[in-house]
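One structure below.
Number of protein chains: 2
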Amino acid sequence: MKEETPDQEALPKEAPHKETVTQRAIEQIKAMIAQGRLEPGQRLPTERDFAAQLGLSRSSMREAIRALTVLGVLEARHGSGVYVTQLEAGDLLETFGVVADLSRGPQLAELLEIRRIMESSATALAAARITPEQLGVVEAHLEAMRLTEDPERILAHDLAFHRAIAVAAGNETLAVLLEGLSSRTFRARVWRGYREEGAFERTRREHERIHRALVARDPEAARAAAAAHVGEVERWLRLQLDQGTPLPG
Amino acid sequence: MKEETPDQEALPKEAPHKETVTQRAIEQIKAMIAQGRLEPGQRLPTERDFAAQLGLSRSSMREAIRALTVLGVLEARHGSGVYVTQLEAGDLLETFGVVADLSRGPQLAELLEIRRIMESSATALAAARITPEQLGVVEAHLEAMRLTEDPERILAHDLAFHRAIAVAAGNETLAVLLEGLSSRTFRARVWRGYREEGAFERTRREHERIHRALVARDPEAARAAAAAHVGEVERWLRLQLDQGTPLPG
DNA sequence: CTCGAAGAGTGGTCCGACCACCTGTGGGAT
DNA sequence: ATCCCACAGGTGGTCGGACCACTCTTCGAG
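Structure below.
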């Protein structure tokens, strides 16, 4: 560690960082998109041509394309070509679920706290902005949860219930982000032990409380209800962690 | 867009999805980590061996490894081997900056709204939890911003100021997420035109207002101050978008 | 005992070949 | 003239091998 300008406070330092050819290609392609030289939906040159243009082998170019593909920036269609995605929230945040899938222990608790923050705000926004039709969708999922006892379907409608609310909040990016946080694996893991504690009935009441706040168009009540809802799961999870109970997964 | 079976409520539909060999390898490796068969910091078999184990060529295996590398799940060290990262927030959320970098227009506004939600909550949490030392760091960056006029350094300390607060909120994941949202490129783009409207002095006052709320340990005041701070940038951005002004970048 | 050089092993890059798939085209049937 | 389909070319997907750059360990010289 060598400090140069020991100013007031430490500022970010950028290492020289070995530049691998593939990494540079990734940066170049990203830059092309950022600069508008490649637009959403546009088709890229063929892997062979593009590799020649940027001065690297097809193998390395393929790795770069694969990397940008998993990031949701590019999309490869076998036999057709490689295209830039629409670069919408749904495309770029698809990978966000990985974070939830691979996080564990204390980090899972932190993610749940973040979800509580965003879910409560989203629900509050929804209370102010929701349209009758959107409210109908919310109610449909609520009703569907009441009519079945299949855990799979309950969970699916639970997710859809919250997503419908997030969409009604009018921020698609927020909705996608929340969906990632409540991804199948994430919720399934927590739910596995959660449901066995009779928390099922309570969950239903919490959902109805959220619904009432939406109907009343009361943002603060909605915020409180949503925060309490997520907070319950959060509390249970922290309890498990304190007890040293190993999480399934 | 074609709507099919607008039944009660649409539930997620999973396409058959062509399974490319590389994609399957990615899933397999992710599963191994999720199941604990591969632990943080652990070294993977060599590319050649691992490829043989999973029954594919080294080329395809390399693409899978590259993909998981950009996601922050794996780390390849030239000449040494491939390792699982610590799977901490900093590792997995590194890619989040890409979203901010490649978003534009209305999507940028949505991201800013998300930042406002999280920043205000983080600041509120910080007001309740911040330690004297952490407060000292915050003040140092505040002072540093006052003492220089170099936009580069001001911006750097601005970022560090907010990051210090987020860290004080006690949620590292939240801090990393916010850092991604306020990434260099993202803020630089918005700032470019923003500072020229005399908003610079106002920004300083807003920062001081946040600081006072932290000193007073007043979460609600802190929340309001942070929300107003981000809200100002948000308002300006929406104005630009309404005017159809093309964003730089 | 210390230290540096050499070797083995690893990821990084490149090449060429072949396969699977899509798409546009052209000729045939209607 | 119109429609349909087989076909051929082009594209991404996969494979195997070769060589380079780097790291780490080991062992011999000092």
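Sequence lines, in order, name chains P and V. Going by the numbering used here, the residue at position 64 of the first sequence is 64; the numbering climbs one at a time, nothing skipped. Going by the numbering used here, the residue at position 133 of the second sequence is 382; the numbering climbs one at a time, nothing skipped. Heads up, the beta-carbon is just placed ideally off N, CA and C, and yes, glycines get one too.
- Using DSSP bridges, identify the partner residues of Val-82 of chain P. DSSP, once it has assigned bridges, lists P:Ala-76 as partnering Val-82 of chain P.
- With DSSP as the reference, label Arg-466 of chain V as helix, strand or coil. For Arg-466 of chain V, the secondary structure class from DSSP, reduced to helix, strand or coil, is coil.
- Message: According to DSSP, simplified to helix, strand and coil, what is Asp-7 of chain P?
- Response: Because the pLDDT of Asp-7 of chain P is 45, which lies under 50, any placement of that residue in the model is unreliable, and the question is left without a value.
- Expressed to the nearest angstrom, what Euclidean distance is found between the alpha-carbon atoms of Pro-45 of chain P and Gly-81 of chain P? The C-alpha of Pro-45 of chain P lies about 8 angstroms from the C-alpha of Gly-81 of chain P.
- For Ile-363 of chain V, return the contacting residues in chain P, with the cut-off set at a CB-CB distance below 8 angstroms. For Ile-363 of chain V, the neighbours in chain P by C-beta distance under 8 angstroms run, in chain order, Met-118, Asn-171, Thr-173, Leu-174, Leu-177.
- Check the Cβ of Ile-33 of chain P against every Cβ in chain V and list those closer than 7 angstroms, keeping chain order. The contacting residues are Leu-351.
- Item | Cross-chain neighbours of Leu-342 of chain V in chain P, by beta carbon under 8 angstroms | Contact annotation for Leu-342 of chain V against chain P: Val-99 [CB-CB distance below 8 angstroms, chain order].
- Any idea what DSSP makes of Arg-500 of chain V, helix, strand or coil? For residue 500 of chain V there is no data in the structure shown, the boundaries of chain V being 250 and 498.
- Message: What residue range does the alpha helix (DSSP H) around Leu-423 of chain V cover?
- Response: Residue range 421-430 is occupied by the alpha helix (DSSP H) that includes Leu-423 of chain V.
- Item | Any chain P beta carbon closer than 7 angstroms to Leu-490 of chain V | It does not; no Cβ of chain P falls within 7 angstroms.
- Message: Can you pull the chain V neighbours of Ser-57 of chain P, defined as C-beta to C-beta under 8 angstroms?
- Response: At a beta-carbon threshold of 8 angstroms, none of the residues of chain V lie near Ser-57 of chain P; the nearest stands roughly 11 angstroms away.
- Is the beta carbon of Leu-287 of chain V sitting closer than 7 angstroms to the one on Ala-371 of chain V? Going by C-beta atoms, Leu-287 of chain V is not nearer than 7 angstroms to Ala-371 of chain V.
- At a Cβ cut of 7 angstroms, what residues of the region 122-142 of chain P count as close to chain V, listed as they run along the chain? Of all residues in the region 122-142 of chain P, Val-137, Ala-140, His-141 have a Cβ within less than 7 angstroms of some Cβ in chain V.
- Query: Name the DSSP beta bridge partners of Arg-43 of chain P, please?
  - Reply: Bridge partners of Arg-43 of chain P according to DSSP: P:Tyr-83.
- Task: Using a threshold of 7 angstroms, state whether the C-beta atoms of Ala-376 of chain V and Ala-477 of chain V are closer than that.
- Result: Their beta carbons are not under 7 angstroms apart, which means Ala-376 of chain V does not touch Ala-477 of chain V by this criterion.
- Of all Cβ atoms in chain P, is any one closer than 7 angstroms to the Cβ of Val-319 of chain V? Put simply, the CB of Val-319 of chain V is near chain P, with a gap under 7 angstroms to one of its CB atoms.
- Query: If the cut is a Cβ gap below 7 angstroms, which residues of chain P does Leu-360 of chain V touch?
  - Reply: Residues of chain P passing the Cβ test: Thr-173.
- Task: Return no unless some Cβ of chain V is closer than 7 angstroms to the Cβ of Leu-87 of chain P.
- Result: With 7 angstroms as the cut-off, Leu-87 of chain P counts as an interface residue toward chain V.
- Query: Is any beta-carbon of chain P found at less than 7 angstroms from that of Arg-315 of chain V?
  - Reply: Interface residue (Cβ-Cβ distance to chain P less than 7 angstroms): Arg-315 of chain V is classified as such.
- Message: I need the DSSP call for Ser-103 of chain P, collapsed to helix, strand or coil.
- Response: Ser-103 of chain P falls in the coil class under three-state DSSP.
- Thinking C-alpha only, which one of V:Gly-429, V:Ala-437, V:Val-464, V:Met-394 is nearest Glu-382 of chain V? Considering only alpha carbons, the answer is V:Val-464.
- Going by CA-CA distance only, name the one from P:Arg-129, P:Ala-199, P:Tyr-83 that's closest to Pro-40 of chain P. For Pro-40 of chain P, the nearest C-alpha among the options comes from P:Tyr-83.
- Task: Using the Cα positions of Arg-43 of chain P and Arg-378 of chain V, report the straight-line distance between them to the nearest angstrom.
- Result: One Cα belongs to Arg-43 of chain P, the other to Arg-378 of chain V, and the distance between them is close to 50 angstroms.
- Task: Look at Arg-472 of chain V and Ala-325 of chain V and say whether their C-beta atoms are less than 7 angstroms apart.
- Result: Arg-472 of chain V places its beta carbon 7 angstroms or farther from that of Ala-325 of chain V.
- Item | the region 346-364 of chain V in contact with the region 307-316 of chain V per 3-pair CB rule at 8 angstroms | Segments in contact, no.
- Query: Between P:Met-118, P:Asp-158, P:Lys-18, which lies nearest to Val-137 of chain P when the distance is taken from Cα to Cα?
  - Reply: Ranking P:Met-118, P:Asp-158, P:Lys-18 by Cα distance to Val-137 of chain P puts P:Asp-158 first.
- Would you mind reading off the limits of the alpha helix (DSSP H) that contains Ile-130 of chain P? Going by DSSP, Ile-130 of chain P is part of no alpha helix (DSSP H) at all; its letter is neither H nor E.
- Item | Residue span of the alpha helix (DSSP H) that contains Leu-155 of chain P, given as start and end | First-last of the alpha helix (DSSP H) with Leu-155 of chain P: 151-168.
- Does the distance from the CB of Val-276 of chain P to the CB of Glu-119 of chain P come in under 7 angstroms? Here chain P comprises residues numbered 1 to 249, so residue 276 of chain P is not present and cannot be evaluated.
- Message: Counting only C-beta atoms, is Glu-481 of chain V closer than 7 angstroms to chain P at any point?
- Response: Residue contact check for Glu-481 of chain V against chain P: no CB pair falls below 7 angstroms.
- Got a sec: is the Cβ-Cβ distance from Glu-63 of chain P to anything in chain V below 7 angstroms? It does; some Cβ of chain V falls within 7 angstroms.
- Message: Once DSSP output is grouped into helix, strand and coil, what is the label at Gly-231 of chain P?
- Response: Residue state, collapsed to three classes: helix.
- Query: Quick one: what's got a C-beta closer than 8 angstroms to Glu-172 of chain P's C-beta in the same chain, skipping five residues either side?
  - Reply: Excluding sequence neighbours, Glu-172 of chain P sits near Glu-88, Ala-89, Gly-90.
- Query: Smallest Cα separation from Phe-449 of chain V: which of V:Leu-351, V:Gln-272, V:Ala-418, V:Asp-399?
  - Reply: The residue with the shortest Cα to Cα distance from Phe-449 of chain V is V:Asp-399.
- Message: Tell me which residue opens and which closes the alpha helix (DSSP H) that Glu-94 of chain P is part of.
- Response: Neither: Glu-94 of chain P is in no alpha helix (DSSP H) and is coded neither H nor E.
- Query: Are the beta-carbon atoms belonging to Ala-67 of chain P and Ala-25 of chain P less than 7 angstroms from one another?
  - Reply: No, they are not a contact pair.
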